Structure formats: structure tokens, C-alpha cells
Amino acid sequence: MRRPVGAALLTAPLLLFLLVTFVAPIGAFLWRGVTDDEVRPVLPRTVVALASWNGTGTPGEEAFAALVEDLRAARSGDRGAIPRAAARLNADRPGFRGLLPMTARRVEAPFEGSARAAVLAISAEWGQPETWGAIARAGGPMSSFHVLAALDLRRDATGAVRQAPEDTRVFRTVLLRSLWISLLVTAVCLALGWPLAWLIATSRGLAATLLLAAVMLPFWISLVVRTAAWMVLLQREGIVNAALQAGGIIETPLPLLMNRFAVVLGMVHILLPFMVLPLVAAFRGLDPRLPRAAASLGAAPWRVFLRVTLPLSLPGVGAGCILVFIQALGFYVTPALLGGPNDQMLAWFVGFYATRSVNWGLAAALSIVLLVAVGLCVALYGRLAGFRRPGAA
Amino acid sequence: MARGILWALGVLVAVFLVAPIVAILPLSFSAGSFLFYPLPGLSLRWYEDFFASPFWLPAFWNSMGIGTAAAALATLLGTPAAFGLWRMTGAFRAVAMGVVLAPMVVPVIVVAVALLLAFGPLGLVATHTGLVIAHAMLGVPFVVVTVLASLEAFDPVQLRAAAACGAGPMRAFFRVCLPQIAPGVAAGAVFAFATSLDEVVVALFVAGPAQRTLPRQMFSGLNDQISLTTTAAAAMLVVMSVLLLLAVAWLQARGRRRLSG
Numbered sequence: 105m106r107r108p109v110g111a112a113l114l115t116a117p118l119l120l121f122l123l124v125t126f127v128a129p130i131g132a133f134l135w136r137g138v139t140d141d142e143v144r145p146v147l148p149r150t151v152v153a154l155a156s157w158n159g160t161g162t163p164g165e166e167a168f169a170a171l172v173e174d175l176r177a178a179r180s181g182d183r184g185a186i187p188r189a190a191a192r193l194n195a196d197r198p199g200f201r202g203l204l205p206m207t208a209r210r211v212e213a214p215f216e217g218s219a220r221a222a223v224l225a226i227s228a229e230w231g232q233p234e235t236w237g238a239i240a241r242a243g244g245p246m247s248s249f250h251v252l253a254a255l256d257l258r259r260d261a262t263g264a265v266r267q268a269p270e271d272t273r274v275f276r277t278v279l280l281r282s283l284w285i286s287l288l289v290t291a292v293c294l295a296l297g298w299p300l301a302w303l304i305a306t307s308r309g310l311a312a313t314l315l316l317a318a319v320m321l322p323f324w325i326s327l328v329v330r331t332a333a334w335m336v337l338l339q340r341e342g343i344v345n346a347a348l349q350a351g352g353i354i355e356t357p358l359p360l361l362m363n364r365f366a367v368v369l370g371m372v373h374i375l376l377p378f379m380v381l382p383l384v385a386a387f388r389g390l391d392p393r394l395p396r397a398a399a400s401l402g403a404a405p406w407r408v409f410l411r412v413t414l415p416l417s418l419p420g421v422g423a424g425c426i427l428v429f430i431q432a433l434g435f436y437v438t439p440a441l442l443g444g445p446n447d448q449m450l451a452w453f454v455g456f457y458a459t460r461s462v463n464w465g466l467a468a469a470l471s472i473v474l475l476v477a478v479g480l481c482v483a484l485y486g487r488l489a490g491f492r493r494p495g496a497a
Numbered sequence: 002m003a004r005g006i007l008w009a010l011g012v013l014v015a016v017f018l019v020a021p022i023v024a025i026l027p028l029s030f031s032a033g034s035f036l037f038y039p040l041p042g043l044s045l046r047w048y049e050d051f052f053a054s055p056f057w058l059p060a061f062w063n064s065m066g067i068g069t070a071a072a073a074l075a076t077l078l079g080t081p082a083a084f085g086l087w088r089m090t091g092a093f094r095a096v097a098m099g100v101v102l103a104p105m106v107v108p109v110i111v112v113a114v115a116l117l118l119a120f121g122p123l124g125l126v127a128t129h130t131g132l133v134i135a136h137a138m139l140g141v142p143f144v145v146v147t148v149l150a151s152l153e154a155f156d157p158v159q160l161r162a163a164a165a166c167g168a169g170p171m172r173a174f175f176r177v178c179l180p181q182i183a184p185g186v187a188a189g190a191v192f193a194f195a196t197s198l199d200e201v202v203v204a205l206f207v208a209g210p211a212q213r214t215l216p217r218q219m220f221s222g223l224n225d226q227i228s229l230t231t232t233a234a235a236a237m238l239v240v241m242s243v244l245l246l247l248a249v250a251w252l253q254a255r256g257r258r259r260l261s262g
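The listed protein sequences correspond, in order, to chains A and B.
So the first sequence is residues 105 to 497, counted in my numbering.
So the second sequence is residues 2 to 262, counted in my numbering.
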């Protein structure tokens with residue numbers, strides 16, 4: 105059988121390319137969300153010593169001695185290791201960024217007596233169970249710290265999962281906001297897309313072509329250009345405000361940009377074609393004789409719609425909704441340009457933690473949350489639309 | 002009556018889709034320097050500004066170069082893969098198809114950040130090569146889907162006929178299959194080019210100052226004061242998009258004729 109082997113060989117270069125440029129990078133990135141490898145190389149003995157600690161009170165002398173030994177070894181090794189570990193621990197327990205290097209400096213000189221007394225003399229912080237808990241949690245190699253943090257949860261020193269302190273809770277709000285904006289955009293797209301799709305599916309000739317062109321044209325035009333168009337239109341001195349003022353509807357310009365309204369408007373404009381096209385396909389697939397048959401049997405128009413047209417077009421409607429919702433969830437550019445600080449979605453925080461605050465673990469954990477949400481939708485899409493042979497898609 | 006309301010609604014939505022784009026295009030021909038109507042006069046000064054600008058002109062050439070290279074790479078990898086997938090059945094095909102289509106589904110921010118992390122040690126951050134590879138990866142699913150669609154209409158019996166006449170599989174593909182699906186392959190390449198031309202998030206994270214593409218520059222142009230040169234850049238991107246749309250429409254019509262005729 106040469107043919108299947110030949111066919112597999114033809115796909116091999118592409119699959120290899122995607123493995124190297126897509127699967128492996130994303131895998132390596134997401135891996136950072138479930139692992140911890142910054143603290144263990146710096147404090148290997150401490151991590152081992154803490155393994156048997158139950159998280160209450162301060163750990164025993166052997167943990168303090170291990171800490172001293174680790175810090176002395178780290179001081180003589182890689183210069184960047186201690187700040188890296190300190191930055192990671194600081195993400196768990198603020199204060200570590202200074203505490204760890206300071207302790208490392210102070211324990212370098214030999215001292216008499218117990219390591220416990222010496223370290224506690226450097227900072228009372230070392231008497232707190234949570235200080236040691238932070239090290240134990242960051243010991244790796246596998247870690248739930250980042251994923252829990254992405255859901256505003258954390259473990260205490262004993263390992264129990266608790267809510268993060270009220271003033272540091274952000275990500276659940278961001279997740280709910282992302283879901284809410286996406287849901288709102290999907291609903292508006294459905295409401296606006298339905299009549300347009302119905303018209304395109306049921307009319308003939310020039311009108312149908314023109315309407316379809318009105319959907320296809322924005323579909324092709326760059327997302328940044330379409331976002332830019334809204335920025336120009338909605339500016340304080342922009343065309344919309346000027347028109348409203350000229351019409352005497354408002355006296356002072358409305359703040360139309362940098363808010364939720366602008367984000368939803370821009371996203372609806374960008375995603376509407378993704379709703380209209382599946383709807384058109386669904387409506388065209390309807391057998392026109394069925395509503396007519398229902399009507400001839402005496403059903404009122406609303407009844408025909410509810411009992412015949414709507415159920416028959418529901419798979420297409422579901423497919424369009426999920427298509428829009430998935431894409432909306434991952435939006436980055438439009439909220440970044442049209443929204444204010446309180447309108448940014450998950451994607452923005454992924455970018456923020458990856459570049460500006462270089463917290464790859466949290467960026468990866470947020471990506472995992474985003475991908476899980478998208479994955480659930482894709483699975484739902486698969487059930488609704490069915491994964492047909494993709495050539496037909 | 003009901004039909005009338007439907008028409009009114011549908012046309013309003015169509016206007017909503019097109020109007021914002023149409024509304025900003027004339028601004029780029031303004032003789033003044035403000036973003037509103039009526040225009041004080043017509044001029045090409047913002048286009049002159051665009052083509053003289055060290056901010057915009059390199060970005061234009063970057064977009065063209067990176068788009069072309071990414072489209073070529075995506076087509077070179079995607080066309081044989083589509084042919085292979087078309088001949089395949091079973092579980093391997095399903096898995097391969099999933100991998101090939103995944104870049105369409107995974108949020109592009111995840112791709113961008115993952116590539117930033119992976120390209121770092123490889124020295125590919127802020128290089129043309131890196132951006133071309135990334136854009137080719139994003140464009141590949143479009144090539145595969147388009148080529149597969151045109152293969153649906155191709156009769157595989159012809160390949161057996163070619164084999165019976167003594168042609169090897171390679172020769173049969175290049176002499177019998179490829180000429181018939183060529184419009185589909187070209188349409189796939191156009192899709193891949195359009196994907197690169199449209200892409201901004203990966204360019205934001207992976208590109209350096211020397212690789213900035215048009216949409217990337219527009220993004221930073223929009224974060225500052227919007228100038229009329231930005232609208233000129235937007236207008237040029239719109240014209241390019243329309244040309245690409247027409248190219249695909251033409252290629253698809255041609256492909257249908259060729260395969261049915």
C-alpha cells in the first residue's frame with residue numbers, strides 16, 4: 105500500500121512546521137502555567153527541608169540551616185538567580201523582593217550559634233509561617249500557584265485553597281468581564297445579523313448581491329482599519345459628535361471613546377460578518393415549502409416562525425453565535441484601542457503579564473483559562489455544526 | 002408590511018457595516034489637517050506625506066515583503082499537505098486536520114506570547130525571518146481549506162488514468178492535478194497574504210522596529226494623536242483589501258469554470 109504512506113509524506117512538512125512553530129511554542133508557554141522553576145535552583149535544600157513541614161508555626165532548625173546554606177551557595181553562583189527567585193516569591197508574598205537578597209547578604213558572613221536565631225535576627229518576617237509557605241509553594245516542579253492566582257485563589261502555608269485577599273482580586277472580574285462582553289457582542293450580532301441574513305438568503309438579483317457585498321467587504325478589511333474608523337468617528341471632535349451637535353440633539357460632545365460602549369460597538373462591527381454568513385447558509389438550507397405548508401395548515405405567521413423556521417435554523421444560529429463568541433473572547437486590539445482601563449479583556453492581561461511585568465507563569469495560567477473557555481465552545485460548536493469534511497466548510 | 006420592516010432593518014445593518022469605512026476614506030484627501038467634514042479642499046498631501054515618511058514607507062514595504070514571503074511559505078507547505086489530507090482517511094487525517102486548523106481557533110494573543118517566548122533563545126525575535134514564519138503559520142489553515150475545497154471538485158480517476166499512462170505520482174500531480182486546482186491554490190495564497198497584511202497582534206509582540214508592518218504602525222499611530230496620514234494609510238489598506246477580495250472572487254469563478262468545463 106503505497107498511497108496512504110505517500111499521502112502522509114505530503115502532509116509531513118506542514119505538520120513538522122506547525123509542530124515547531126505552533127504546537128511546541130504554545131506547549132512550552134502553557135507549561136509555565138503549571139510549573140515553578142525559579143525558586144528550586146536557588147533554594148534546593150530549603151525546599152527539601154520544607155517538604156516535611158506542616159505549615160503551622162515556623163519550621164525547625166534544619167530549614168533555617170538549609171536556607172543559610174542555599175543563600176551562601178547562591179551568592180557565589182549565578183548573579184541573577186537570587187533576584188529571579190525573589191521576584192517569583194514576591195508575586196506570592198510582597199516584600200520578598202527585598203527580603204531574600206537582604207537575607208542572602210547578611211548570612212554570608214559566618215556566625216556562631218543556631219541558624220534560626222541568626223535568620224530571625226535579620227528579619228522578623230522569617231518568623232511568619234506564610235513566608236516559609238511561599239517558598240514551599242514555589243518549590244515546584246509542578247505547581248498550581250499560577251492557575252489558582254489566575255482565578256483569584258491561593259494556598260495558605262498549610263496547603264488549603266483560599267480566596268485571595270479582597271484588594272488583590274482582579275482576574276475573576278476580568279474573566280467575567282470578558283465573558284460578559286463576548287456574550288453581549290454575540291447577542292447584538294445575532295439581533296443585527298438575523299434580518300440582514302434573512303434578506304440575503306431570500307432575495308434575488310442585484311439587491312442580494314449588494315447586501316452580500318456589504319457583508320463581505322468589511323470581512324476583508326483590516327481589523328485595525330475598522331477600529332481606526334470608529335476612533336475617527338467617535339472622537340470628541342469626531343463626525344458623530346459633530347452630527348449630533350449640528351442636529352441640535354446634544355449641546356456638548358458626548359464621551360463616546362474609551363468606554364464599554366465603544367468596545368462593544370467596534371467588536372460587533374468586526375464580528376457581524378461571522379454571524380451573517382453562517383445564518384445565510386442556514387436560511388438558504390431551509391426548505392421553503394415547510395413554512396408554506398405550516399401556513400396553509402392555518403398557523404399564524406408568528407407560530408410558523410416559532411414552530412418551523414426557528415427550530416430548523418437553530419443549528420446555523422448556534423454555529424454563528426459560537427463562532428462570534430470564541431473570537432470575541434480572545435480580542436486584544438479593539439478593546440486596547442477603543443476601551444478604557446476597565447474594558448480590557450483576558451487577552452490584554454496575557455500580553456501585560458508576558459511583556460510589561462514579565463510574569464510568564466501568570467500569563468500562561470491566564471492563557472490556560474482563556475483556552476479552556478474557547479475549547480469548551482469549540483466542543484459545543486462541534487456538537488451543533490458537526491465537524492463535517494473540512495473541504496466543505 | 003412585515004417585509005418592508007425587514008428591508009429597512011437589513012439595509013440599516015448593511016449601512017452600519019459599510020458606513021464607517023466609507024466615512025473615513027474621503028478624509029485622507031483633505032487639504033486641511035482635521036478629522037471632520039466638510040473638507041476644506043481636496044489634495045494628495047497626506048499621501049505625499051505617507052510616501053515621504055520614514056514612519057510609514059518602510060512599514061509599507063515590510064507589509065508587502067513579509068506578506069509575500071509568508072504567503073509563499075504557507076502555499077508551499079499547505080498545497081501538498083492539502084493534497085495529502087484529501088487522499089487520507091481515518092484517525093490520522095482527523096488529528097492532522099485538527100493540528101492544521103488549530104491556528105485559526107487559538108486566540109492570537111496566546112500564539113503571539115508563546116512565539117515571543119520560543120523565538121527568544123532562537124534569536125528570531127525582531128527579525129524578518131521570525132515574523133515571516135509566524136505569519137506563514139497563521140496563513141496555512143486558509144491555504145489548506147481553500148485547496149481542499151477546490152480538490153473536492155477534482156475527479157481522482159484522472160490520477161489513476163495518468164498512472165495507467167505511465168506517469169509517476171509526482172508527475173501525475175504536477176501535470177494533471179495542479180493545473181486544474183491552480184486557481185484554488187492561488188486563492189489560498191491570496192488568503193495567506195491577506196492574513197499577514199491584516200495581522201497586528203503577533204507583529205506587536207514579535208517584531209522589532211525594523212519589521213513594523215502597516216497595521217502595526219497604525220496601531221501605534223492610533224495610540225497617539227490620529228493624523229490624516231493615518232487615514233491615508235488606512236485608505237491604502239482598504240484599497241489593497243478590496244483588490245485581494247476581487248482577486249479571490251475572480252480566482253474562485255475561474256476555478257469553478259475550469260473544473261466544470
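For glycine and all other residues, C-beta sits at the position ideal for the given N, C-alpha and C.
Since we're looking at a predicted model, the values are computed, not measured.
Review point. Whose CA, out of A/175, A/122, A/487 and A/434, lies closest to the CA of residue 106 of chain B?
Key: Start at 1 with the first residue of the second sequence, and residue 106 of chain B comes out as number 105. Nearest C-alpha to residue 106 of chain B: A/434.
**Study point:** Residues from the stretch 222–249 of chain B in contact with chain A, defined by Cβ distance under 9 Å
**Key:** 222, 223, 224, 227, 231, 232, 234, 235, 236, 238, 239, 241, 242, 243, 245, 246 and 249: these are the residues of the stretch 222–249 of chain B whose beta carbon lies less than 9 Å from some beta carbon of chain A, given in chain order.
**Study point:** Beta-bridge partners of residue 19 of chain B, as assigned by DSSP
**Key:** Position 18 of the second sequence, counted from the first residue, corresponds to residue 19 of chain B. Note: residue 19 of chain B sits in no beta bridge, so no partner.
Review point. Among B/192, B/114 and B/242, which has the Cα closest to the Cα of residue 72 of chain B?
Key: Within the second sequence, residue 72 of chain B is the residue found at index 71, counting from 1. With respect to the C-alpha of residue 72 of chain B, the residue from B/192, B/114 and B/242 having the closest C-alpha is B/192.
Check your understanding: Do you know offhand how far residue 494 of chain A's Cα is from residue 91 of chain B's?
Key -> The sequence position of residue 494 of chain A within the first sequence is 390, counting from 1. The sequence position of residue 91 of chain B within the second sequence is 90, counting from 1. Residue placement at residue 494 of chain A is flagged as unreliable, the pLDDT there being 41, under the threshold of 50; a coordinate-derived value is accordingly withheld.
Practice item. Write down the C-beta distance between residue 326 of chain A and residue 242 of chain B rounded to the nearest angstrom, noting that I regard them as a contact closer than 8 Å. Key: Here residue 326 of chain A refers to the residue found at position 222 of the first sequence. Here residue 242 of chain B refers to the residue found at position 241 of the second sequence. At roughly 6 Å, the Cβ-Cβ gap stays under 8 Å, so residue 326 of chain A and residue 242 of chain B are in contact.
Point to revise | Enclosing alpha helix (DSSP H) for residue 431 of chain A [first to last residue] | key: On the first sequence, position 327 is the one that residue 431 of chain A refers to. Looking at the DSSP string, the run of the alpha helix (DSSP H) that includes residue 431 of chain A is 414–433.
Review point. At a Cβ cut of 8 Å, what residues of the stretch 176–187 of chain B count as close to chain E, listed as they run along the chain?
Key: Judged by its chain identifiers, the structure shown contains no chain E, and its protein chains are A and B.
**Study point:** Start-to-end residues for the beta strand (DSSP E) that takes in residue 388 of chain A
**Key:** Locating residue 388 of chain A in the first sequence gives position 284, where the first residue counts as 1. Premise fails: residue 388 of chain A lies in the alpha helix (DSSP H), 364–389, not in any beta strand (DSSP E).
Practice item. Within 10 angstroms of the Cβ of residue 179 of chain B, are there 16 or more other Cβ atoms? Answer buried if so, exposed if not. Key: Here residue 179 of chain B refers to the residue found at position 178 when the second sequence is read from its first residue. Answer is exposed; the Cβ neighbour count stays below 16.
Exercise for review: Please decide whether residue 48 of chain B counts as near chain A, where near means a Cβ-Cβ distance under 8 Å.
Suggested key: The residue given as residue 48 of chain B occupies position 47 in the second sequence. False, the Cβ-Cβ gap to chain A never drops below 8 Å.
**Study point:** Limits of the unbroken alpha helix (DSSP H) element including residue 454 of chain A
**Key:** Numbered from 1 along the first sequence, position 350 holds the residue referred to as residue 454 of chain A. For residue 454 of chain A, the enclosing alpha helix (DSSP H) has its first and last residue at 450–455.
Exercise for review: Go through its chain and collect everything with a Cβ distance to residue 74 of chain B's Cβ below 6 Å, but skip five positions before and after it.
Suggested key: Working through the second sequence from its first residue, we reach residue 74 of chain B at position 73. Closer than 6 Å at the Cβ level, and outside the excluded window around residue 74 of chain B, lie 137.
Check your understanding: Can a CB atom of chain B be found closer than 8 Å to the CB of residue 378 of chain A?
Key -> Here residue 378 of chain A is taken as the residue at index 274 of the first sequence, counted from 1. Against chain B, the CB of residue 378 of chain A has no partner CB under 8 Å away; the residue lies outside that interface.
Check your understanding: Closest by CA to residue 409 of chain A, which one among A/423, A/387, A/186 and A/200?
Key -> As a working mapping, residue 409 of chain A is identified with position 305 in the first sequence. Ranked by how close their Cα comes to the Cα of residue 409 of chain A, the residues A/423, A/387, A/186 and A/200 have A/387 in first place.
Practice item. With residue 267 of chain A as the anchor, note down where its beta strand (DSSP E) starts and where it stops. Key: One-based indexing of the first sequence puts residue 267 of chain A at position 163. From DSSP, the beta strand (DSSP E) with residue 267 of chain A extends over 265–267.
Exercise for review: Give the range of the alpha helix (DSSP H) segment to which residue 88 of chain B is assigned.
Suggested key: For the purposes of this step, residue 88 of chain B is identified with residue 87 of the second sequence, where counting begins at 1. Unbroken alpha helix (DSSP H) run through residue 88 of chain B: 58–88.
Check your understanding: If you follow the beta strand (DSSP E) that residue 259 of chain A is part of, which residue opens it and which one closes it?
Key -> Here residue 259 of chain A refers to the residue found at position 155 of the first sequence. Unbroken beta strand (DSSP E) run through residue 259 of chain A: 257–259.
Review point. Since residue 354 of chain A is in the alpha helix (DSSP H), which residue starts that stretch and which ends it?
Key: Taking the first sequence and counting its residues from 1, the one referred to as residue 354 of chain A is at position 250. Premise fails: residue 354 of chain A is in no alpha helix (DSSP H) and is neither H nor E.
Point to revise | Short CB-CB distance (under 8 Å) between residue 40 of chain B and chain A | key: The sequence position of residue 40 of chain B within the second sequence is 39, counting from 1. Cβ-Cβ to chain A under 8 Å: no for residue 40 of chain B.
**Study point:** Inter-residue Cα distance where the pair is residue 257 of chain B and residue 451 of chain A
**Key:** Numbered from its first residue, the second sequence carries residue 257 of chain B at position 256. Numbered from its first residue, the first sequence carries residue 451 of chain A at position 347. The alpha-carbon atoms of residue 257 of chain B and residue 451 of chain A are separated by roughly 40 Å.
Practice item. For chain B, find out if any of its Cβ atoms is closer than 8 Å to the Cβ of residue 456 of chain A; answer yes or no. Key: Taking the first sequence and counting its residues from 1, one reaches residue 456 of chain A at position 352. Taking Cβ atoms only, chain B never reaches closer than 8 Å to residue 456 of chain A, which makes this a no.
Review point. Considering only residues of the same chain and omitting the five flanking positions on each side of residue 376 of chain A, which have a CB-CB separation below 7 Å?
Key: Position 272 of the first sequence, counted from the first residue, corresponds to residue 376 of chain A. Exclusion of the five residues before and after residue 376 of chain A leaves 293, 296 and 297 as the residues of its chain whose Cβ lies within less than 7 Å of its Cβ.
Review point. What in chain A is Cβ-close to residue 199 of chain B, meaning under 7 Å?
Key: Here residue 199 of chain B is taken as the residue at index 198 of the second sequence, counted from 1. Proximity of chain A to residue 199 of chain B at the Cβ level (cut-off 7 Å) is accounted for by 326 and 327, in chain order.
Check your understanding: In its own chain, which residues sit with a C-beta less than 6 Å from the C-beta of residue 219 of chain A, not counting the 5 before and 5 after it?
Key -> Counted from its first residue, the first sequence places residue 219 of chain A at position 115. Hits under 6 Å: 168, 169 and 172.
Check your understanding: Based on the DSSP output, what are the partners of residue 139 of chain A in its beta bridges?
Key -> On the first sequence, position 35 is the one that residue 139 of chain A refers to. Residue pairing for residue 139 of chain A: DSSP places it in a beta bridge opposite A/246.
Check your understanding: residue 486 of chain A by DSSP, collapsed to three states: which one?
Key -> The sequence position of residue 486 of chain A within the first sequence is 382, counting from 1. DSSP, read as helix, strand or coil, puts residue 486 of chain A in helix.
Practice item. Starting from residue 341 of chain A, find everything on chain B with Cβ-Cβ shorter than 9 Å and list it in chain order. Key: Here residue 341 of chain A corresponds to residue number 237 of the first sequence, with the count starting at 1. 35, 36 and 37, listed in chain order.
Point to revise | Neighbourhood of residue 312 of chain A by C-beta, 7 Å cutoff - its chain only, sequence neighbours within 5 removed | key: By one-based count along the first sequence, residue 312 of chain A stands at place 208. For residue 312 of chain A, where only same-chain residues beyond five positions count, the Cβ hits under 7 Å are 304.
Practice item. Assuming residue 362 of chain A and residue 444 of chain A form a contact by the criterion Cβ under 8 Å, report the distance between their Cβ atoms to the nearest whole angstrom. Key: Reading the first sequence from its first residue, position 258 is the one you call residue 362 of chain A. Reading the first sequence from its first residue, position 340 is the one you call residue 444 of chain A. Right, the Cβ-Cβ distance comes to about 4 Å (below 8 Å), so this counts as a contact.
Exercise for review: Can you give me, in chain order, the residues of the stretch 226–240 of chain A that have a beta carbon less than 8 Å from any beta carbon in chain B?
Suggested key: Cβ contacts with chain B come from no residue of the stretch 226–240 of chain A.
Practice item. Would you please verify whether the beta carbon of residue 79 of chain B is less than 8 Å from any beta carbon of chain A? Key: Reading the second sequence from its first residue, position 78 is the one you call residue 79 of chain B. Closer than 8 Å to some Cβ of chain A, the Cβ of residue 79 of chain B qualifies, so yes.
Exercise for review: Please go through the same chain and pick out, in chain order, the residues whose beta-carbon is closer than 8 Å to the beta-carbon of residue 223 of chain A, but skip the five residues on each side of it.
Suggested key: As a first step, residue 223 of chain A must be located in the first sequence, where it is residue number 119. Here the set comprises 168, 171, 172, 207, 211 and 230.
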